[in-house]
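Trainee: Under our numbering, the first residue of the sequence shown carries the number 9, and numbering increases by one thereafter. Each residue gets a CB set at the ideal place from its N, CA and C atoms; glycine is no exception. Here the structure is a predicted model, which means the values were calculated and not measured. Dropping the structure in here first, questions after.
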Amino acid sequence: MFEEIKKVIELAKDTNTEVFLVGGYVRDFLLKKKTLDIDLVVSKSPESFAKKLAKITDGKYFLLHSDLQVYRVAVFNNKNIQYIDISLIQGKTIEQDLQKRDFTINALAVKIENFDNIKKNIIDCCNGKKDLRTKEINVVSNNVFVEDPLRMLRAFRFASEYNFKISKQTLSLMKEYASKISSVAGERVKNELFRILSNKNSSQYICMMDEVKILESVFPVITKMKNSAKNFYYHPKGLFQHCFQTYEALEKIFIKLDKYFPNSKDLLEQHLNEQFSENITRKTLLKFIAIFHDCAKPESAKRMGNKMRFLGHEKLGAKKTAQIMKQLKMSNKEINFAKAIISEHMRPSNLAKNEVITNKAQMHLFRDIKENTPDLLILAMSDWHSYKTLKVYSPKILKCQEKSVAKLIFNYFDFINNKPKEKLIDGNILMKEFNLKPGKIIGELLQLINNAYEENRINDKNSALKFAKSQLTPLKKKHKI
């Protein structure tokens, strides 16, 4: 028994408080999964109990949810427990409390004094153990989604994390109450959604969320994507089908990084796993971006001759996605990443269709897109793959694009990991050689020289001076010198 649990048992006796271990810890114990968080239900005074528990465990307590009277005790330097959440029992008995919970697999409890023998002392009035055995998610009652619509997303999160199926009855209830999820605070939606996106096969859960209308209730722009583009888009079910298939292709690429990027796999994996915030990495953000990358095409659609064009949809789509992300209370860094990718997502198409990519062209891409270069290239590749079944691109063109992206990503990592070249020339030499005064023209001239040097168009001082001379006239005109 953990030392902290012994202290909980002692405190329960000292304060004459009935204490139950409930929910997630019991569920994960039966599933043989380790968890660092413990949920307790107490018969009285949760704040007082939390305060005293924090004191005897050398932890810190604080209010977690004011409406539900939930307090959290943070336990420091402990390999077995991180948080102990303490709430007031809902109802007169633990059975009444369990019947107010969300899913049967979470409606399990054990008296704290029976911690050493959990399996034989589980209180299960909602058939949670049966659903754990059959790996099925069932609601405790038909009111669970009315009481808290976020529970719909929680169901998909549990399904994705535990590889469980959601029962037909639960899915039917979701469809009935899907519209209510629009009332849930954006940050709560974000937390559940990105835990779903963290699953390597999350596309199946996104598809199910769409089938029960949850996705459109959370993101109304999807309805417009479905309805507005049916008459002028390649995919028979419209624009959203394309975006979803881009999402599916992206996940398949992530799973097969070694196939598509054999020479960059480890560096690319490390790059994609860079964390922005909890559960939000470059990888999960790219999945989110894939859903919305073309969301502005309905507003941008314009027929030009026999073809439909979507001029400016990238920039407008970046703005619309940024608005969605702000509603989810996402960070500026995350929003700026999405804007940078979406606003440039068409750029790799022209570059990667060529079998030979010049050093100048790739260096221009690396300088403009910077650290987001691999992300942009992988999204573009997923975008192309979404057209596979429609045969918009021939297999030969797709293969060429894949090879180009793989080479560009390899070259990008090679570029950023190599030591910078020594300077060929400095501002003093330029001022002396061309009789120039200090100013913006010197900085711009040095940048042009540096770009040409990185692109291997010049390689020594003499060629640098010759190149500088060729750039002087247009620069002087620009600065009116």
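Mapping DSSP to helix, strand and coil, what is Ile46?
Mentor: strand
Trainee: For Gln104, is the classification buried or exposed, using 16 other Cβ atoms within 10 angstroms of its Cβ as the cut-off for buried?
Mentor: By the neighbour-count definition (other C-beta atoms within 10 Å, threshold 16), Gln104 is an exposed residue.
Trainee: Starting from Asp93, follow its DSSP beta bridges and name the residues at the other end.
Mentor: Asp47 and Arg80
Trainee: Skipping 5 residues on each side, what residues in its chain have a beta carbon closer than 7 Å to that of Ala298?
Mentor: Cys251, Thr254, Tyr255, Leu258, Leu387 and Ser390
Trainee: What would DSSP say about Tyr461, mapped onto helix, strand or coil?
Mentor: helix
Trainee: Going by DSSP in three states, Glu219 sits in which element: helix, strand or coil?
Mentor: For Glu219, the three-state secondary structure derived from DSSP is helix.
Trainee: Looking at the unbroken beta strand (DSSP E) that takes in Phe70, where does it start and where does it end?
Mentor: Lys68 to His73
Trainee: Considering only residues of the same chain and omitting the five flanking positions on each side of Gln98, which have a CB-CB separation below 6 Å?
Mentor: Once the five neighbours on either side are set aside, the close Cβ partners of Gln98 are Asp105 and Lys108.
Trainee: Assuming Thr292 and Phe164 are in contact, meaning their beta carbons sit under 8 Å apart, how far apart are those beta carbons, in whole angstroms?
Mentor: Not quite, the Cβ-Cβ distance comes to about 15 Å (not below 8 Å), so this is no contact.
Trainee: Taking Cβ positions, are Asn114 and Arg35 nearer each other than 8 Å?
Mentor: yes
Trainee: Along the beta strand (DSSP E) that carries Val27, what are the first and last residues, could you check?
Mentor: From DSSP, the beta strand (DSSP E) with Val27 extends over Val27 to Val30.
Trainee: Apart from the five residues on each side of it in sequence, which residues of its chain come closer than 7 Å, Cβ to Cβ, to Leu265?
Mentor: Lys273, Leu276 and Glu277
Trainee: With a cut-off of 8 Å on the beta carbons, I'd call Thr112 and Val148 a contact; round off their distance for me.
Mentor: 6 Å
Trainee: Would you kindly work out how many angstroms separate the C-alpha atoms of Ile64 and Asp93, rounded to a whole number?
Mentor: 15 Å
Trainee: Go ahead and pull the three-state DSSP assignment for Gln506.
Mentor: Here the chain covers residues 9 to 489 and nothing more, so residue 506 does not appear.
Trainee: With DSSP as the reference, identify every bridge partner of Phe111, one or two as the case may be.
Mentor: Note: Phe111 sits in a beta bridge opposite Val147.
Trainee: Where does Pro54 land, buried or exposed, given buried means 16+ other C-beta within 10 angstroms?
Mentor: Per the 10 Å Cβ criterion, buried.
Trainee: Is it true that the CB of Phe166 sits closer than 8 Å to the CB of Ile145?
Mentor: yes
Trainee: Look at Ile457 and Phe475 and say whether their C-beta atoms are less than 8 Å apart.
Mentor: yes
Trainee: Give the DSSP-derived three-state secondary structure of Val226 in the structure shown.
Mentor: helix
Trainee: For Met216, does the count of other Cβ atoms within 10 angstroms reach 16, so buried, or fall short, so exposed?
Mentor: Buried, by the Cβ-count rule.
Trainee: If you drop the 5 nearest sequence neighbours on each side, which residues of the same chain put their C-beta closer than 7 Å to that of Tyr420?
Mentor: Phe374, Thr381 and Pro382
Trainee: In terms of residues, what are the limits of the beta strand (DSSP E) holding Ser357?
Mentor: Where Ser357 is concerned, there is no enclosing beta strand (DSSP E), although the alpha helix (DSSP H) it sits in stretches over Arg355 to Ala360.
Trainee: Going by beta-carbon coordinates alone, are Ser351 and Lys323 separated by less than 8 Å?
Mentor: Yes. Within cutoff.
Trainee: Can you list the beta strand (DSSP E) stretches of 3 or more residues lying completely in the stretch 293–326, in chain order?
Mentor: 309–312 and 315–318
Trainee: With a CB to CB cut of under 7 Å and the five nearest residues on each side skipped, what residues in its chain are close to Leu483?
Mentor: Here the set comprises Ile449, Glu452 and Leu453.
Trainee: So what does DSSP say about Ala167, is it helix, strand or coil?
Mentor: Looking at Ala167 - three-state DSSP - the assignment turns out to be helix.
Trainee: Given Glu410, which residues of its chain have a CB within under 8 Å of its CB, disregarding the five upstream and five downstream residues?
Mentor: Tyr268 and Met389.
Trainee: Mind listing, in chain order, the continuous alpha helix (DSSP H) runs of no fewer than 4 residues lying wholly within the stretch 373–410?
Mentor: 381–393
Trainee: Assign Ser175 to one of three DSSP states: helix, strand, or coil.
Mentor: Coil at Ser175, not helix or strand.
Trainee: Rounding to the nearest angstrom, what Cα-Cα distance links Asn71 and Arg317 in this structure?
Mentor: Note on residue identity: the sequence assigns Leu, not Asn, to residue 71. Put simply, the backbone Cα of Leu71 is about 54 Å away from that of Arg317.
Trainee: For Asn135, which residues in the same chain have their Cβ closer than 6 Å to its Cβ, ignoring the five residues on either side in sequence?
Mentor: Within the same chain, Asn135 has close Cβ partners Thr112.
Trainee: Which one of Lys396, Tyr33, Met338 and Glu18 has the shortest CA to CA distance from Asn199?
Mentor: Minimum Cα-Cα distance from Asn199 among the listed residues Lys396, Tyr33, Met338 and Glu18 corresponds to Met338.
Trainee: Indicate the three-state DSSP secondary structure (helix, strand or coil) for Thr231 in the structure shown.
Mentor: helix
Trainee: Pull up the distance between the alpha-carbon of Lys68 and that of Leu96, whole angstroms please.
Mentor: Lys68 and Leu96: Cα-Cα distance of roughly 19 Å.
Trainee: Quick one: Cα of Glu282 to Cα of Lys208, how far?
Mentor: Approximately 16 Å, taken between the alpha carbons.
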